[in-house]
Structures are given as structure tokens and as C-alpha cells.
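One structure below.
Residue numbers (UniProt numbering), protein chains in the order written: chain B, 1 to 381; chain F, 1 to 381.
See below:
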């Protein structure tokens with residue numbers, strides 16, 4: 001066993017590590033320890049129909065998932081669920097596109113401008129351009145956006161890639177042509193203090209980033225307006241005729257256990273996640289501090305209503321910068337670390353996005369390589 | 001128990017029955033009898049990563065699903081799998097859009113025309129129009145299509161809605177601007193004789209219509225050309241960052257059992273499905289024959305290599321016509337039967353598509369209502 005472990009480390013120490021995607025495998029260990037309580041068993045004759053609940057506008061949403069979502073938000077206190085429609089999606093990726101589609105189809109004129117304040121989640125660019133829709137148009141950075149006509153602002157808070165707390169930046173008082181989609185993928189207690197119960201028109205959440213179950217492809221939207229929710233549902237029907245029932249049932253079960261652990265001292269998932277993230281960030285800040293060439297954003301502390309104390313932020317991605325005039329993504333690649341280029345996020349070559357959610361051994365190799373890069377750069381200077 | 005059954009029937013006899021969608025719940029009984037062999041158990045720590053196989057171009061495809069797909073096609077003999085890329089999708093719905101997107105993005109000029117011979121699957125219209133893409137344009141009926149430039153023909157065989165065996169109809173010799181997507185959702189032995197091993201460039205299949213597991217949202221494409229497969233994968237990455245792992249794992253397990261039953265006398269799923277479909281079609285043809293107002297297509301018999309004998313076709317949908325000058329979809333709706341309007345399929349008011357895959361009790365209520373419609377029509381005449 002020890003021998004195998006060593007072999008694994010040797011092989012890892014040679015290989016390229018991929019921190020470009022935010023693959024949240026960091027949490028596997030927790031779910032392994034939780035044991036059978038999250039195990040789902042599905043028989044051959046289960047979940048065969050397209051329909052989950054013919055009386056729900058979102059007829060492909062499993063009722064027990066809807067219930068689990070509401071209970072979890074209630075327990076965490078991060079979002080209002082009452083008087084809202086829940087729309088389930090194949091990840092929040094599909095839901096973001098469904099929301100842009102819905103808002104655009106309800107707008108008076110098209111194409112509707114879509115913007116996000118830089119640095120933004122690079123995938124927004126691809127999501128709003130790849131089908132070359134005539135309904136909406138990616139207009140890039142929301143800072144300084146001043147085009148007339150209807151627009152959609154994507155607000156991610158805490159922000160991907162840089163972890164900052166965000167609000168809308170397009171400021172048009174009394175303008176009812178502006179719509180906002182709030183992406184709250186990371187508004188959970190292990191990443192950031194829960195400072196308020198969010199209460200916006202369209203709020204997106206994803207299973208992936210809460211518990212680490214990215215492979216399930218489950219996201220949900222909490223939507224105030226009935227017409228918007230209806231259009232989102234229509235989009236998902238044409239796009240994929242609903243969402244995997246197996247994933248929904250499993251998500252429901254895990255979210256229920258997650259909610260139960262909220263009250264537990266020993267097993268609280270958010271406590272576990274918070275400690276892990278804090279630990280990783282402290283290590284990373286340690287390496288960066290030792291270096292003369294790297295930088296990281298600083299986050300203010302805030303009172304977290306979930307934990308009942310003042311805490312810092314420990315985002316799912318590190319927005320790593322360099323003080324050198326260098327192409328950081330290439331620099332890291334030379335050191336066998338794949339990251340996401342700042343330019344793809346509407347920023348510059350001196351920044352990259354690095355996932356903080358890899359498995360522990362991969363994260364440690366990353367720290368090691370980063371520390372070595374610093375040394376090499378120092379010699380270069 | 002008997003009382004409850006009766007109550008259920010009473011309630012069904014009053015309610016609207018929905019045969020608009022092809023919800024394939026007819027097969028539930030078979031899978032109930034198969035018992036534990038298809039049961040999957042998924043632990044909390046399983047299937048967490050986005051990635052299934054980083055060495056596969058389609059990195060979100062579970063290797064055991066790929067294996068099960070190849071083995072099933074080999075056992076049934078309905079499609080060639082060698083020297084092909086397998087792309088998994090959230091149903092063949094997502095894959096059809098991925099294929100149209102891929103072929104369009106590789107075309108010299110855009111928008112690429114998309115056509116299908118009428119009567120066609122009505123959802124093709126929605127799939128190719130809802131995002132108002134600039135890359136492709138729905139041009140409707142392939143019969144008589146003569147627009148210059150690149151085009152994609154969607155060929156569904158057996159056809160949805162009318163069950164006929166189809167080949168391409170746009171005839172442009174030596175024209176390399178024409179591409180074809182073959183939708184083989186219904187090319188399985190319970191619906192139609194397997195007369196050849198299909199060997200086309202892009203072939204789509206869906207789990208839903210083989211075994212009835214529509215809720216899993218799993219489809220796959222067999223793709224010859226590497227660039228096309230790559231573009232399809234790219235589409236699915238942006239559209240939903242892959243496909244539910246839970247659904248894939250479960251599909252793999254069920255397809256493996258399905259393949260095993262192919263060799264069994266007592267449990268052969270296709271034998272079971274074939275008998276059920278044949279029985280339903282005979283009953284339906286009986287009702288239609290008794291009527292003066294309805295019509296159904298006739299299908300030629302053919303030698304089925306899977307069953308090793310000459311057999312008829314028993315499609316998943318009935319393409320019901322009327323000899324009267326009437327709006328058949330409304331006529332049926334008045335009798336509490338929801339069906340899909342022929343006009344939505346590029347046909348006329350005198351035709352509707354009716355699902356043959358409902359639960360047995362629903363199917364019987366449909367037959368009853370159809371028989372009564374005949375009587376009412378006769379009195380009217």
C-alpha cells in the first residue's frame with residue numbers, strides 16, 4: 001500500500017497538473033467518510049418517464065429535489081426560496097443559457113446586449129457566442145458599457161475568477177431595459193461569509209461547487225417572474241427534454257444529508273470545507289508571500305450568519321497575478337501547471353485563474369511548483 | 001387492492017390521456033420483472049469529477065458506457081461501431097443539435113440549410129430555430145429542396161412520425177456540400193426488421209426509445225469523422241459541460257443486461273417489445289378497420305437478421321389519418337386524447353402522431369375512445 005502511494009506520488013511529480021477547470025475533487029474524502037447515508041439505489045424500472053410532476057410548470061423537476069433545495073437554502077440562509085419558481089438544469093451552465101434565452105425572448109428588441117464586469121467567468125463568453133444567436137450579443141466588460149437598448153448583466157458573487165463580492169455595475173436608474181442574472185455558484189459558507197439572504201429576480205446555483213459533485217451536472221435557478229421561468233423551462237425542453245432523473249434523485253439525497261450536517265458539530269460539511277479551504281489559502285498565501293513575483297487579492301472579513309462569527313473569504317479559485325511583465329499562463333504551463341489565462345476572463349496576461357478544489361496531492365504539487373518558479377524567477381532577475 | 005385498481009380505472013376513464021409525447025412507459029413492466037440485475041448503487045463519493053476519461057476526446061463519456069454501446073450494437077447488428085468516435089449526449093436531442101452545430105461550423109458558408117422530408121419529427125423545427133442561430137437555418141421539407149449552398153439533411157429511419165423506412169431525398173450527385181445526420185432512434189428489432197448494419201457518417205441513437213428509460217436523458221452518436229466528433233464534443237462542453245455520470249453508469253448497466261437478454265429465450269427484451277408492439281398495432285388496426293373515418297400507413301414485411309425471420313414493422317408512433325375534412329388533433333382532443341398535430345410535422349390537419357408506448361391501461365382507453373369516435377362520426381354522417 002505504501003509502495004503504491006509512493007509510486008502515485010512519483011508519477012504525479014512528473015506529470016502536468018490541470019488546474020484550469022474547477023474540478024471539485026477536493027471534497028471526495030468527506031463523502032467517503034460519510035459512508036452509506038448518501039448511497040442511492042436505483043432499480044431498473046425506476047425513473048423511466050420524461051415526467052417528474054405533470055402539475056409543475058417545470059415538469060421534469062423531481063419533487064424531492066425541489067424540497068431538498070428549499071430546505072438547504074433555509075438551513076444555510078443564503079437565498080430566499082418563497083414565492084419563486086425552481087427550474088432545474090443540466091448544471092448551472094444550461095440554466096445560464098436558459099436565462100439569457102428567456103430574458104432575450106421577452107425583450108422588446110433584439111439582439112439584447114450581455115455583459116459582465118471583468119474579470120469575468122470566461123465560459124460566459126463561449127456560452128453567449130457559440131451558437132451565434134440573433135437574440136443576444138456578448139458585449140464584454142460591463143464596466144463602461146453604455147450601449148442603448150435592452151441588456152443583461154451577469155453578476156457572479158463571489159466572483160469567478162477573482163473571489164470578490166459583486167453587485168451590478170451597469171448603472172441606469174429607472175431603466176427597465178436592464179435585467180440581471182445572479183450567479184451564486186460560490187455563495188456558500190465554505191467559500192465566503194453568508195452576510196445576507198439573497199433575494200434577486202434570477203439566482204443560479206450549482207450542485208458541483210457546493211458539495212463537489214460536478215459529474216452529476218445539476219444546477220437550479222430560483223426565479224421570481226413566472227414568464228421568465230416558463231421561457232427557461234421551454235429552453236431546457238428543446239435543448240435536452242429535461243434533466244437526468246438519476247442525478248436529480250441523487251442530488252436530493254445528498255442535499256438532504258448536507259442539510260442535516262449543518263446542525264452537526266462533528267460532520268458539518270461547510271465546517272469541513274471551510275477548514276480545508278482556509279488551510280489551502282493559508283498555504284498558498286505563504287508561498288506567494290515568500291515570492292517577489294506573485295500576488296493574490298485580499299478579501300475583507302465579514303460577519304457570517306451561518307457560522308455566527310466574523311470570517312474571511314476562501315474562494316474556489318485563486319486569481320494569481322504576477323508583478324513581472326510575463327505571460328503567466330505560459331509560465332505556469334512551462335512548469336507543468338495548467339491554468340486559465342486572465343485574458344480569457346477579460347483581464348490581462350499577468351493574471352491566471354487557478355482551481356483551489358483539486359485533490360490534496362495535486363494541490364501540494366502545485367504549491368511546490370509555484371515555490372520553485374519563484375526561485376527560478378529570482379535567479380533570472 | 002382490487003378496489004384501488006378500480007378507482008384508478010375510473011379516474012383514468014375520465015381524464016385526458018396524453019399521447020402527444022412519446023413517453024415510453026410501456027416497458028416498465030419488463031424492467032420490473034428483470035429485478036435486481038439492473039439495480040445500480042451509487043455511493044456519495046462516486047462519480048464526482050467532470051472527467052470520465054481524460055485520454056478520450058469525449059472526456060465526459062464513461063468508458064463502461066462506451067463498451068456497453070459497442071457490445072449492444074454488435075449483438076443486435078444494427079450499426080457499425082468500429083473506427084468511429086462515440087459522443088454521449090443528454091438525450092439524442094442534445095446530440096442532434098451538436099451535430100447540426102458541428103457540421104455548420106465546418107461548412108464553407110453560413111447559414112447552412114437544414115431540411116428533413118415531410119412528415120418529419122416536429123422537434124427538429126424547434127431545435128433548429130429556437131436560438132435563432134446564424135450558423136444554420138431550418139428550410140423545412142427536404143422534398144423539393146433546391147437551394148444552393150451547403151445543407152444538412154436529417155434522415156430518421158424508421159421515420160418519426162410515420163414509421164416508414166427512409167433514405168436521403170435531396171439528390172445532388174457529386175455535391176460535397178450536402179451532409180446527412182441519420183437519426184436511428186427507432187432502428188431496433190422491436191419496432192422494425194433489422195435489414196442491414198447501418199454504416200453512415202453520423203448516426204444518432206437514444207436510450208429512451210430502446211428500453212424506455214426516457215428519464216435518464218442518454219443518447220449517443222457514432223461519428224466517422226474526427227473533426228465532426230470534436231466539434232460535437234465542444235458543443236456539449238459549452239452547452240452543459242458534459243453529461244450526467246449517474247445516468248451514464250445506469251445506462252451502461254442496463255444496456256449490458258439488454259445485450260445478455262438478446263441470447264435468452266425467456267427474457268429477450270426485443271422479443272418482449274416486439275410482441276407487445278405487434279399486439280398493440282393489431283388492436284389499433286382492428287379499431288381503425290372497423291371505422292370508416294380513420295387510416296393508418298401500411299408497412300412492407302422484411303427479413304430481420306436479428307430475429308432470423310420475415311417480420312412486419314410496429315412503429316413507436318401511429319400516424320393516424322382521417323378521410324374526413326376535419327382537424328384531427330382537435331377532434332381527438334374533444335375526446336380527451338392529446339396527440340401531435342400533423343401540421344407540426346410538415347403535414348396536414350388530417351393527420352396526427354399518436355404514441356404507441358404509453359402504459360397498457362392508457363393505451364386501452366385510447367382504443368376505446370377511438371372506437372367511440374368512429375361511432376359518433378357515423379351518427380354525424
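Glycine included, every Cβ here is placed at the ideal spot set by N, Cα and C.
At a Cβ threshold of 8 Å, is residue i touching chain F?
| i | result |
| --- | --- |
| residue 361/B | no |
| residue 47/B | yes |
| residue 2/B | Annotation note: pLDDT 38 at residue 2/B (below 50); position unreliable, no value reported. |
| residue 384/B | In the structure as shown, chain B starts at 1 and stops at 381, and residue 384/B therefore has no counterpart that could be examined. |
| residue 185/B | no |
| residue 306/B | no |
| residue 262/B | no |
| residue 313/B | no |
| residue 379/B | Any reading at residue 379/B must be qualified, since the residue scores a pLDDT of 47, below 50, and its modelled position is unreliable; no value is offered. |
| residue 101/B | yes |
| residue 273/B | no |
| residue 34/B | yes |
Going by Cα to Cα distance, which pick from the options is closest to residue i?
| i | options | result |
| --- | --- | --- |
| residue 180/F | 47/F, 103/F, 305/F | 103/F |
| residue 42/B | 269/F, 335/F, 246/F | 246/F |
| residue 34/F | 211/F, 370/F, 296/F | 211/F |
| residue 310/F | 300/F, 319/F, 93/F | 300/F |
| residue 161/B | 358/B, 342/B, 350/B | 342/B |
| residue 94/B | 128/B, 71/B, 76/B | 128/B |
| residue 298/F | 319/F, 46/F, 292/F | 319/F |
| residue 57/B | 239/B, 226/B, 361/B | 226/B |
| residue 355/F | 326/F, 331/F, 327/F, 314/F | 314/F |
| residue 143/B | 167/B, 187/B, 150/B, 291/B | 167/B |
If you follow the beta strand (DSSP E) that residue i is part of, which residue opens it and which one closes it?
| i | result |
| --- | --- |
| residue 156/F | 151 to 156 |
| residue 139/F | 136 to 141 |
| residue 41/F | 40 to 42 |
| residue 310/F | 309 to 311 |
| residue 203/F | 202 to 206 |
| residue 169/B | Careful: residue 169/B lies outside any beta strand (DSSP E) and carries neither H nor E. |
| residue 304/B | 302 to 304 |
Would the beta-carbon of residue i fall within 8 Å of that of residue j?
| i | j | result |
| --- | --- | --- |
| residue 302/B | residue 195/B | yes |
| residue 207/B | residue 30/B | no |
| residue 256/F | residue 66/F | no |
| residue 114/B | residue 137/B | yes |
| residue 48/B | residue 213/F | yes |
| residue 312/F | residue 295/F | no |
| residue 135/B | residue 37/F | no |
| residue 85/B | residue 243/B | no |
| residue 323/F | residue 293/F | yes |
| residue 338/B | residue 26/B | no |
| residue 185/F | residue 204/F | yes |
| residue 221/B | residue 202/B | yes |
| residue 304/F | residue 120/F | no |
| residue 170/B | residue 163/B | no |
| residue 91/B | residue 249/F | no |
| residue 287/B | residue 87/B | no |
| residue 352/F | residue 328/F | yes |
Please list the partners that residue i has in chain A, where partner means a Cβ-to-Cβ separation under 7 Å.
| i | result |
| --- | --- |
| residue 171/F | No chain A appears in the structure shown, which is made up of the protein chains B and F. |
Establish whether the CB of residue i and some CB of chain B are separated by less than 8 Å.
| i | result |
| --- | --- |
| residue 382/F | Nothing can be reported for residue 382/F, as the shown portion of chain F is limited to 1 through 381. |
| residue 317/F | no |
| residue 200/F | no |
| residue 240/F | yes |
| residue 39/F | yes |
| residue 243/F | yes |
| residue 51/F | yes |
| residue 42/F | yes |
Grab the span of the alpha helix (DSSP H) containing residue i for me, first residue to last.
| i | result |
| --- | --- |
| residue 277/F | 269 to 290 |
| residue 221/B | That residue, residue 221/B, is in no alpha helix (DSSP H); its beta strand (DSSP E) goes 218 to 223. |
| residue 93/B | 91 to 105 |
Against chain F: residues of the stretch 7 to 31 of chain B by CB proximity under 9 Å: When C-beta distances to chain F are compared with 9 Å, the residues of the stretch 7 to 31 of chain B below that value are 18, 21, 22, 23, 24, 25, 27, 28, 29, 30, 31, in chain order.
Chain-ordered residues of the stretch 80 to 96 of chain B with a beta carbon less than 9 Å from chain F: Those residues of the stretch 80 to 96 of chain B that come within reach of chain F (Cβ to Cβ, closer than 9 Å) are 89, 90, 91, 93, 94.
Near-chain B residues of the stretch 106 to 140 of chain F - C-beta to any C-beta below 7 Å: Within the stretch 106 to 140 of chain F, those residues whose Cβ lies closer than 7 Å to any Cβ of chain B are, in chain order, 126, 127, 130, 131, 132, 133, 134, 135.
Members of the stretch 204 to 221 of chain B near chain F, C-beta cut-off 9 Å: Of all residues in the stretch 204 to 221 of chain B, 208, 211, 212, 213, 214, 215, 216, 217, 218 have a Cβ within less than 9 Å of some Cβ in chain F.
Interface positions of the stretch 244 to 256 of chain F facing chain B (Cβ-Cβ less than 7 Å), listed along the chain: Taking 7 Å as the cut-off between beta carbons, the residues of the stretch 244 to 256 of chain F near chain B are 244, 245, 246, 247, 250, 254, in sequence order.
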